[in-house]
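K.L.:
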Amino acid sequence: MKSLISSVLFLLVAFTANAETFEISGAVQRIELETSLITIDGKRYQLPNRVPESLVPTGGPVIYQLRPGSVIAASGSYATPFPKLDSVAILRQPSPEEQIQIQSEMDNE
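Numbering (the working numbering), first residue to last: 1 to 109.
(1) Taking just the CA atoms, how far does I63 sit from E23?
(2) Quick one: residues in its chain with C-beta nearer than 8 Å to the C-beta of I90, no 5 flanking neighbours on either side, listed in chain order?
(3) How far does the alpha helix (DSSP H) with S104 in it extend, from its first residue to its last?
(4) Can you tell which of E20, I40 and T35 has its C-alpha closest to the C-alpha of Q29?
(5) With burial defined as no fewer than 16 other Cβ atoms inside 10 Å of the residue's Cβ, what is the status of I100: buried or exposed?
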């Protein structure tokens, strides 16, 4: 019995340690605060509100700093139902003029 439990624990640890990771970069298209989801280049990602912005980690949760048009670089791990972001750096925020144009395009969709 101990051998079986040890084997199961080993497999769980091995599976967790080998979680597939990814890196992405792109423009944020949509932010869904109520579900902690963001859309980048048409794909949805989970972004927990405990994840800080990597370049300014004392600035609070990165999800609250994002705007449509923000350009980010991020890394995370594959999860179900959405890949989960663990690290996010904001590379560029849209100008007020770009923000108006992006919002207009979103309203016309």
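Think of the CB as a built atom: it goes at the ideal place given N, C-alpha and C, for glycine as much as any other residue. A quick note: this is a predicted structure, and the numbers were derived from the prediction, not measured.
P.N.:
Let me lay it out:
(1) Position 23 of the sequence shown, counting from 1, holds the residue named residue 23. Position 63 of the sequence shown, counting from 1, holds the residue named residue 63. So the two alpha carbons sit approximately 17 Å from each other.
(2) By 1-based counting over the sequence shown, the position of residue 90 is 90. Answer for I90: E53, L55, V62, Q65, L66, S70, V71 and I72, listed in chain order.
(3) By one-based count along the sequence shown, residue 104 stands at place 104. P96 to D107 is the extent of the alpha helix (DSSP H) around S104.
(4) Mapped onto the sequence shown, residue 29 falls at position 29. Cα-wise, what sits closest to Q29 is I40.
(5) Translated into positions along the sequence shown, residue 100 becomes position 100. It counts as exposed.
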